[in-house]
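Asker:
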Amino acid sequence: ISYDLFKKKYLMYSLGIITENEFWDHIAIADQIDFIEKQILNNTEITPKVQAVFHGLYESKCDLYLATEIPRKWGELILEKAKLQNYFQKKFYSSDLKMTKPFKKFYDIIFNSISTKKSTTYYIDDTPINLTVAALYGATTIYLTNTETTNNTNAHFKITDICDLVKIICKK
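Numbered according to the working numbering, the sequence shown spans residues 1 to 172.
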């Protein structure tokens with residue numbers, strides 16, 4: 001299978017356009033899928049820092065929501081591995097919504113489903129265009145990046161250390 005075909009199939013699977021079986025067709029035989037998914041999960045690094053940040057936000061009574069383009073099955077496995085599966089009020093998977101970032105319809109669904117009136121809503125992402133769209137809904141945006149270089153982003157905050165989320169959101 002070519003990289004281009006794999007990428008297309010992944011996008012369609014992540015949007016729920018094709019089934020899991022259709023995604024794996026021509027990539028792996030049925031009895032290899034569980035093994036491959038376990039390998040992917042094993043190679044997904046969950047640092048203690050990430051766990052500590054989400055635990056801190058949760059303990060500070062922050063309402064946490066997840067909006068991701070990862071297919072639901074893989075997202076739930078990653079959250080379980082990280083022991084974060086119970087921290088979120090609601091999870092928005094592109095595969096369920098049949099829509100993805102940065103399209104306005106994706107954000108309409110999210111922001112119309114959550115309560116943003118009683119406090120500040122922070123939107124954290126690693127892609128500037130996603131932050132631009134979230135800002136249209138009144139969210140305070142946080143650009144989480146792994147580089148110090150200045151990227152074209154109008155985010156309210158730019159951070160390279162995930163621990164800064166607690167400082168910003170909890171104002172500690």
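A virtual CB, placed ideally from N, CA and C, is assigned to each residue, including glycine.
With distances taken from CA atoms, which of Ala67, Glu20 and Tyr122 is nearest Lys105?
Answerer: The candidate whose alpha carbon is nearest that of Lys105 is Ala67.
Asker: So Leu15 and Ser95 are supposed to be a Cβ contact under 8 Å. How far apart are they, rounded?
Answerer: With a Cβ gap of about 6 Å, Leu15 and Ser95 count as contacting.
Asker: For Lys136, is the classification buried or exposed, using 16 other Cβ atoms within 10 angstroms of its Cβ as the cut-off for buried?
Answerer: The residue you asked about is not Lys; residue 136 is Leu in the sequence shown. Flag for Leu136 reads exposed.
Asker: Quick check on DSSP: helix, strand or coil for Gln85?
Answerer: coil
Asker: If Pro71 sits next to Tyr13, beta carbons under 8 Å apart, how far is it from one beta carbon to the other, in whole angstroms?
Answerer: At roughly 6 Å, the Cβ-Cβ gap stays under 8 Å, so Pro71 and Tyr13 are in contact.
Asker: Here's the rule: buried if 16 or more other CB atoms are within 10 angstroms of the residue's CB, otherwise exposed. What is Lys101?
Answerer: Buried, by the Cβ-count rule.
Asker: Could I get the ranges of all uninterrupted alpha helix (DSSP H) runs contained in the region 94-172, with 4 residues as the minimum, in chain order?
Answerer: 94-97, 104-113, 128-135 and 164-169
Asker: Rounded to whole angstroms, what's the CA-CA distance from Ala52 to Glu45? Just pull it up for me.
Answerer: 14 Å
Asker: Indicate whether Ile159 and Thr145 have their beta-carbon atoms separated by less than 9 Å.
Answerer: yes
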